[in-house]
Each structure stands twice: as structure tokens, then as C-alpha cells.
Amino acid sequence: MGKIRTLLALSVVMYHCGSIFGITLIGGELAVQAFFIISGFYMSMVLNEKYVGANNSYKLFLSNRLLRLYPIYWVVLILTVLGGLLLAVKAHTIHIEKFEGYFALQGYVPSIAFMIINQIIIFGQDLVYSFAIDLSNGHLFFTTLAENGKPPLTTLLMVPPAWTLGVELTFYLIAPFILRRKPAIIISLIVLSFFLRVFLLYKFGSAVEIWMYKFFPTSLMFFLLGYVSYRMYLRFKNVKLNDKLGYIVLFLLLAETFAYPLLPNFKSNYFPFSFPVTLYLTSVTLAVPFLFIYFKSSKLDNTIGELSYPIYICHKLVFYILKSVHFLAGPLFGLYVVICTIVFAILLTRLVAVPIERYRQSRLVKQKAQRLA
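Quick note on numbering: the UniProt record's numbering labels position 311 of the sequence shown as 311, and the sequence is numbered without any gaps.
Structure follows, in C-alpha cells:
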């Protein structure tokens, strides 16, 4: 599973920063949706197997999830701001690309404050893609075409990929209340989320597709497909399976990931997903339980997988830094970004994630001991 998670993160990197020798993998949007499925699988598992009994605490679950996401994000956010200031000093002007959107707001303090607070607390960052600024009064207004605003609110984000964390955090808030329910309820929610996509596409056309991608109610179905994967895992975890099945599933999913651009791309007008997207999301949903069964004890696979979140959240910072180094521009720029992002992700993991992870796990032990006492 770890190999797939990190490959999905690298797919986002290549989508934003350029292909490597013509390899693009599955693109950013589909990679994020696949991430949501895997996240739904893990949350279904921990809520039904880990945060139970003495550890059945909503506060403990939520705070541990926040500890997982916030420290690395804040490090990247701070480094991005500091990097922007250094570039400003180098350029002898504060009007650099990273800060220009704030100057365009012309002193609209409430809107600027909203953007700053939003990026500190992460909650609601996905909503940035649902608002634009009315320059006549500085107020925010709802729109499904936020990226066409002047300036687009998205240009004010220091860590643009963090909008997915806003979606994740919203899911964490409600996960304990739905992932322990009967399968019929989960299936009903998947159907509702799917048909909301269909309705919005029918009502507003393709103009809302980018907005729906970042809209939690229409993304909920992906997390809940992870619950379906978890139910499959429960069915097969104690069944004697072929020793090579895990490697076969891994090979097939890797092959589909690399061959994705070659798949025939066709789509119905009012079906929200194209054929290759539908095929890939189905493949991930079916593959996840078997990948977990076969590779959950692999230290190498787990180590590789731990890099996925740092790679995803820091790649834009690495991109901005390397973009300022003009002699690196060229056909290999995407490769440079990937290599430097992986190195930076390793540092973030060792210096930030590993110590925090020890603390997270110790909280479970302490809480259990305290309640049993």
C-alpha cells in the first residue's frame, strides 16, 4: 500500500511540475480521489479496531489526526513564507508572485484576515475555491468559478495543495459518526454523494466540474468507497489466499497507473466520470484490502508510504524554490523537482513526523492505562 500512496503523491507532483521523460501517471485530480479512498479505508479500520474500548474517544481520535497533519503542514507553511520573504529581499521588492494577490486586495482587511486565519487552521481551505472577492467592497461572494476572480483567492494560498487537508479534516469530524454504522447506511451516503454530482453536472454543466472536485459533499463518496474496501478486508483477512496474490494486485495497479494516459478516454455527458477514471477508482477500491493484507508487515513498504504526505504537501515549496534557480529550467525540471521533493520529504519525516508519531502512539497507551485504572 505504501508504494501506491507515494506513487499517487508523485503523480500530483508531476501534474503540477512537469512530466519525467514523458511519464505523467494519472494526474493530480484522480490521484487525490484515490488518496481519499485510501484515507477512508484507514479511518474505517482505526475507528472500528483501534479507537474502541478504553480508547473510544472522539477527542483522542480527532486530536491524533490533527497531530498527524498539522506539524508538517505548519513547517511547510512557515518555510514558504520565509522563502517568499528571502526572494523579496533578493528582488528588492515585496511585490513578488507569492504575495502579489494580497496587494491586489487593496487593504480589504476582513478578506485578508480570512485568508490568513484560514491557512493557519486549515479547516475550510477547500472553501477558498467556492468564493471570490468583490473588489467594489472587499466582500467575499460564493461562486463555482473562483479561479476566474480578480485576484483568484487561490493565488493567496501559501500551500495550495492543502485544500485537500480541509476536505480530510471535514471528513475526520464526521467519520466516527458514520463509519461505525451499518453498511446499508454507508452505501446510501455513497449513492447520495454520487447523485449530487450527477445533479450538479446536469444543472450547471461542465463549468462546475473543477468546483465539484473540491466540494466535500461530492467528495464524500470517495472516502466511503474506502469503507467498502475495509468491509472487503474483513471478509478476506482470515482467508488463506495465494502467496503471490498481493504481488499480482500490486503489479496490476502499478501497470494501470503508468498506462493510464494510454487508456481510451470517453465520457457520457451526464455521468460525472470518464471511463479511465471510473476504471481506476474501481481498481483502487478493489485493490486496497489485498495490498494491506499482504504488505502491512513490510517495513520497507510502510517506510515508503510514510513519505507520501510530506511529498504531497511540500512539493509546491520545492517547485517555487527551484523555479527561482533559472539554470535548472528545461526538459528535466520535473525530474529535479521530484528528486528534491523526495529528499525534503525524508527530512520532514525524520525530523518532524517520526517524533510526533511516537507521541501520538504513546497517547493511546496512556489513555488506555488511565481508563483501565
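Glycine is no exception: its CB is placed at the ideal position from the N, C-alpha and C atoms. It should be emphasised that the depicted structure is a prediction, and the values quoted were computed from it without experimental measurement.
Interface flag, residue i vs chain E, CB-CB below 9 Å
{"i": "Phe319", "result": "The structure shown contains no chain E; it is built from a single protein chain."}
Residue i - DSSP class collapsed to helix/strand/coil
{"i": "Asp243", "result": "coil"}
{"i": "Phe36", "result": "helix"}
{"i": "Leu192", "result": "helix"}
{"i": "Phe141", "result": "strand"}
{"i": "Ile122", "result": "coil"}
{"i": "Leu317", "result": "helix"}
{"i": "Ala9", "result": "helix"}
{"i": "Ala329", "result": "coil"}
{"i": "Phe131", "result": "strand"}
{"i": "Ile23", "result": "strand"}
{"i": "Gly305", "result": "helix"}
{"i": "Ser362", "result": "helix"}
{"i": "Tyr15", "result": "helix"}
{"i": "Leu105", "result": "coil"}
{"i": "Ala369", "result": "Unreliable positioning characterises Ala369 in this predicted model, as indicated by a pLDDT of 46, which lies under 50. The coordinate reading is nonetheless provided below. Looking at Ala369 - three-state DSSP - the assignment turns out to be helix."}
{"i": "Arg235", "result": "helix"}
{"i": "Met115", "result": "helix"}
{"i": "residue 378", "result": "With the chain represented from 1 up to 373, any question about residue 378 goes unanswered, as that position is not in the structure."}
{"i": "Lys182", "result": "coil"}
Residue from the options with nearest C-alpha to residue i
{"i": "residue 450", "options": "Ile186, Lys214, Thr154", "result": "Outside the shown range of the chain, which is 1 to 373, sits residue 450, and nothing can be said about it."}
{"i": "Pro217", "options": "Ile190, Ala54, Val343, Thr278", "result": "Ile190"}
{"i": "Tyr230", "options": "Pro276, Pro183, Gly246", "result": "Pro183"}
{"i": "Pro276", "options": "Leu30, Ser11, Ser44", "result": "Leu30"}
{"i": "Trp163", "options": "Ala287, Val32, Tyr102", "result": "Val32"}
{"i": "Leu262", "options": "Val343, Leu7, Thr24, Ser11", "result": "Thr24"}
{"i": "Phe36", "options": "Leu67, Pro71, Val52, Gly166", "result": "Gly166"}
{"i": "Leu291", "options": "Phe223, Ile122, Ile342, Asp243", "result": "Asp243"}
{"i": "Ile356", "options": "Pro110, Lys240, Arg68, Leu225", "result": "Arg68"}
{"i": "Ile293", "options": "Leu241, Val12, Val128, Thr303", "result": "Leu241"}
{"i": "Val128", "options": "Leu156, Tyr108, Leu279", "result": "Leu156"}
{"i": "Ser283", "options": "Ser193, Leu252, Phe333, Phe273", "result": "Leu252"}
{"i": "Gly22", "options": "Asn118, Tyr260, Pro161, Gly124", "result": "Tyr260"}
{"i": "Trp74", "options": "Ser111, Ala353, Ser362", "result": "Ala353"}
{"i": "Ser362", "options": "Thr6, Asn55, His326, Thr80", "result": "Asn55"}
{"i": "Ile346", "options": "Ile311, Leu192, Asn302, Phe236", "result": "Ile311"}
{"i": "Ala88", "options": "Gly334, Thr278, Ile321", "result": "Ile321"}
{"i": "Phe103", "options": "Arg360, Pro152, Phe344", "result": "Pro152"}
Pairwise C-alpha distance: residue j and residue i
{"i": "Glu49", "j": "Met158", "result": "37 Å"}
{"i": "Pro264", "j": "Ile210", "result": "22 Å"}
{"i": "Ala369", "j": "Phe114", "result": "Reliability fails at Ala369, whose pLDDT of 46 lies under 50, so the model's placement of it is uncertain and no value is given."}
{"i": "Val337", "j": "Leu317", "result": "10 Å"}
{"i": "Pro331", "j": "Ala9", "result": "21 Å"}
{"i": "Thr154", "j": "Cys314", "result": "17 Å"}
{"i": "Lys267", "j": "Leu196", "result": "18 Å"}
{"i": "Arg65", "j": "Val46", "result": "11 Å"}
{"i": "Pro71", "j": "Asn269", "result": "42 Å"}
{"i": "Leu179", "j": "Asn137", "result": "43 Å"}
{"i": "Leu85", "j": "Cys340", "result": "21 Å"}
{"i": "Tyr233", "j": "Phe258", "result": "26 Å"}
{"i": "Val76", "j": "Val239", "result": "43 Å"}
{"i": "Thr349", "j": "Leu307", "result": "7 Å"}
{"i": "Arg358", "j": "Asp134", "result": "46 Å"}
{"i": "Leu168", "j": "Ile186", "result": "Correcting the residue type first, residue 168 is Glu in the shown sequence and not Leu. Whole-angstrom Cα-Cα distance: 17 Å."}
{"i": "Phe141", "j": "Gly28", "result": "27 Å"}
{"i": "Ser11", "j": "Ile304", "result": "15 Å"}
{"i": "Ala373", "j": "Ser44", "result": "Unreliable positioning characterises Ala373 in this predicted model, as indicated by a pLDDT of 34, which lies under 50. The coordinate reading is nonetheless provided below. When rounded, the distance between both Cα atoms is 28 Å."}
{"i": "Met212", "j": "Ser219", "result": "8 Å"}
Segments assigned alpha helix (DSSP H), at least 4 residues, entirely inside the region 191-231: 209-213
Completely contained alpha helix (DSSP H) runs for the region 37-98, where each covers 4 or more residues: 58-91
contact_flag[the region 193-209, the region 2-22] where n(CB pairs < 8 Å) is 3 or more: no
Minimum length 3: unbroken beta strand (DSSP E) runs contained in the region 255-303: none
contact_flag[the region 40-58, the region 170-190] where n(CB pairs < 8 Å) is 3 or more: yes
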